[in-house]
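**Q**
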Amino acid sequence: MKSDSNDFVLFSEEENRALDGRGFVRDVRGRPVTYAACLVRGKEVQIKSEERTWQLWLARLIDGYGYPPSRIGVEYPITFGRDSSKRADIVVFDADRPAVPYIIVEVKQAKYKDGKEQLRSYAHATGAPLAVWSDGILAEVWHRKNPNYFMPIHELPRADQTIEQVVDQPWTIQTLIDLEEERVKEGKFARSLRDLIEDMEDEVLANAGVDVFEEVFKLI
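So that you can map any letter, position 189 of the sequence shown is 423 in the numbering used here, and since no number is skipped, the others follow by simple counting.
Structure representation (structure tokens):
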């Protein structure tokens, strides 16, 4: 299953081609079905829309951010009291505490915007300081500063970086503009500045108990 350029524009053409190159087709009940070997699970998986986004994220975490496959888990169980039926899509574990989640990635099918509250609840339950929501078109990265405040950050730290090295980089309106222009040059979908600020207001700041106007004004 080759990528639809409208569904996976978060990822570069090179990333999409690399996944397509790993794929192979099998005949399943008289119809062709695309599979690929999962980079983490050690088994072949059918490349449907959501699975494709999983595989693209796994490749980016490994090849782009430098996290070894041994630190990554897929469909990681999340426990709420006695309920352990929930599963986080992708988890990167802490380098020094290999059983403790460091990054949680929640993947949704393209054009579906749910799952953000679920992701936050997973971060609360595990104590993970970093959370990523993605649908293959967009990605939102948050640093959980305390149980009620998820601060948006522009990028995940690499395996050789600390959270502070990313969080301490100043944000301005020009920062947002430059980041989106860079995405366009890479052939990726860019959000408008208005969309970026509205998302910060609606999804993050309004739920953090802080003054939305003051926080957005700091960008200027």
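C-beta atoms are modelled at their ideal positions from N, C-alpha and C, and glycine is treated no differently.
With distances taken from CA atoms, which of R305, V267 and P266 is nearest R275?
**A** Residue R305 is the option with its Cα nearest to R275.
**Q** Given a cut-off of 8 Å, decide if I337 and L244 are closer than it, judged by their beta-carbon atoms.
**A** Contact: no.
**Q** How far does the alpha helix (DSSP H) with Q280 in it extend, from its first residue to its last?
**A** Premise fails: Q280 lies in the beta strand (DSSP E), E278 to Q280, not in any alpha helix (DSSP H).
**Q** Please tell me whether E249 and V341 are closer than 8 Å, where the distance is taken between their beta carbons.
**A** For E249 and V341, no; Cβs fall outside 8 Å.
**Q** Since V334 contacts D323 with CB under 8 Å, what's their CB separation in whole angstroms?
**A** Not confirmed; about 18 Å, so no contact.
**Q** Put H358 into one of helix, strand or coil per three-state DSSP.
**A** Helix, per DSSP.
**Q** Write down every uninterrupted run of the alpha helix (DSSP H) in the stretch 265-306 whose length is 4 residues or greater and which is fully enclosed by it, in chain order.
**A** Fully enclosed alpha helix (DSSP H) runs of 4 or longer: 283-293.
**Q** Between which residues of its own chain and T268 is the CB-CB distance below 6 Å, once the five residues before and five after are set aside?
**A** M235, G257, V259 and I281, listed in sequence order.
**Q** At which residues does the alpha helix (DSSP H) containing R251 begin and terminate?
**A** R251 -> alpha helix (DSSP H) spans E247 to R256.
**Q** Only counting the same chain, and skipping five residues up and downstream in sequence, which positions put a Cβ closer than 8 Å to that of R294?
**A** These residues qualify, in order along the chain: F245 and E249.
**Q** Given a cut-off of 8 Å on the beta-carbon distance, is the pair A393 and G300 in contact?
**A** For A393 and G300, yes; Cβs fall inside 8 Å.
**Q** Under the DSSP definition of a beta bridge, which residues are partnered with V401?
**A** Answer by DSSP bridge pairing: none, since V401 is not bridged.
**Q** Rounded to whole angstroms, what's the CA-CA distance from D328 to T396? Just pull it up for me.
**A** If you take the alpha carbons of D328 and T396, they lie about 11 Å apart.
**Q** Figure out for me which residue from Y356, Q399 and L253 has the closest Cα to the Cα of R321.
**A** Minimum Cα distance to R321 is reached at Y356.
**Q** Just the C-alpha distance for P311 and S318, rounded to the nearest angstrom, thanks.
**A** Approximately 6 Å between the Cα atoms of the pair.
**Q** If you draw a straight line from the alpha carbon of V326 to that of P303, how long is it in whole angstroms?
**A** C-alpha separation (whole angstroms): 9 Å.
**Q** How would you call Q289, buried or exposed, if buried means at least 16 neighbouring beta carbons within 10 angstroms?
**A** The residue in question, Q289, is buried, as its Cβ has 16 or more Cβ neighbours within 10 Å.
**Q** Using three-state DSSP, classify K350 as helix, strand or coil.
**A** It is helical.
**Q** Between R378 and D254, what straight-line distance do the alpha-carbon atoms span, to the nearest angstrom?
**A** Each residue's alpha carbon lies about 34 Å from the other.
**Q** Buried or exposed: E389, going by 16 or more other Cβ atoms within 10 Å of its Cβ?
**A** Result: exposed.
**Q** With DSSP as the reference, label L244 as helix, strand or coil.
**A** Reduced to three states, the DSSP call for L244 is coil.
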